[in-house]
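The next block holds one structure in the form of structure tokens; read it before the comments.
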Amino acid sequence: MEKEYLFVYGTLLSSLNSPAGSVLKMYAKRISPATIQGRLYDIGGYPGLVLADDGAEEGEIIYGELYMIREKENLLSALDEYEGCSPRFPEPREYVRKVIPVTTPERKQVQAWAYLYNWELSGRLQIESGDYKKFVRSIGRG
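Numbering-wise (the numbering used here), the sequence shown opens with residue 8 and increments by one.
What follows is the structure, given as structure tokens:
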């Protein structure tokens with residue numbers, strides 16, 4: 008069976024200790040830091056990610072973590088609920104889950120699931136550093 012991965016960049020980061028983070032520990036294993044190309048926005052207590060090919064400039068980096076999924080169905084169904092993109096949420100859903108290319112510290116690319124922001128971004132603050140942990144610390148949320 009081929010390994011599957013998940014990229015997290017916001018409230019699910021291990022250092023932020025969110026309640027949903029316990030789901031990650033139960034059904035996935037943290038592998039390493041990782042990055043993707045895109046833009047990160049403050050949605051108000053959590054971030055939203057837009058991929059580079061959806062309007063971000065080349066070279067804009069988002070910092071996160073890569074997990075190897077151990078129990079796919081349990082993990083993704085729980086995270087779909089957390090991210091508001093399970094079938095019980097009305098369309099258009101705030102996030103969509105998609106497989107995207109993720110870069111490891113060794114510059115290896117792997118395909119990983121990620122939750123991408125799917126609503127309007129006008130008026131939202133861009134997190135220029137691409138690092139949600141750093142942003143949370145800078146505004147006193149974490």
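Here a beta-carbon is modelled for each residue, glycine too, at the ideal position from N, C-alpha and C.
- Residue range 79–89 is occupied by the alpha helix (DSSP H) that includes ALA85, with no beta strand (DSSP E) assigned at that position.
- Under the three-state reduction of DSSP output, ALA59 falls in the helix class.
- Rounded to the nearest angstrom, the gap between the Cα atoms of GLY52 and ASN125 is 16 Å.
- When the five nearest sequence neighbours on each side are left out, the beta carbons in the same chain lying within less than 8 Å of the beta carbon of ARG131 are those of TYR48, ASP49, ILE50, GLY55, in order along the chain.
- Approximately 12 Å separates the beta-carbon atoms of MET75 and LYS32; this is outside 8 Å, ruling out the contact.
- In this structure, VAL15 sits away from LEU123, with a CB-CB distance that is not shorter than 8 Å.
- Following the DSSP letters along the chain, one finds LEU123 inside the beta strand (DSSP E) bounded by residues 116–124.
- Contact between ILE38 and LEU82 is ruled out by a C-beta separation of about 14 Å, above the 8 Å threshold.
- Residue range 139–145 is occupied by the alpha helix (DSSP H) that includes ARG144.
- Shown here, SER39 sits in a strand according to DSSP, grouped into three states.
- In summary, ARG114 is exposed, with fewer than 16 beta-carbon neighbours lying within 10 Å of its beta-carbon over all protein chains present.
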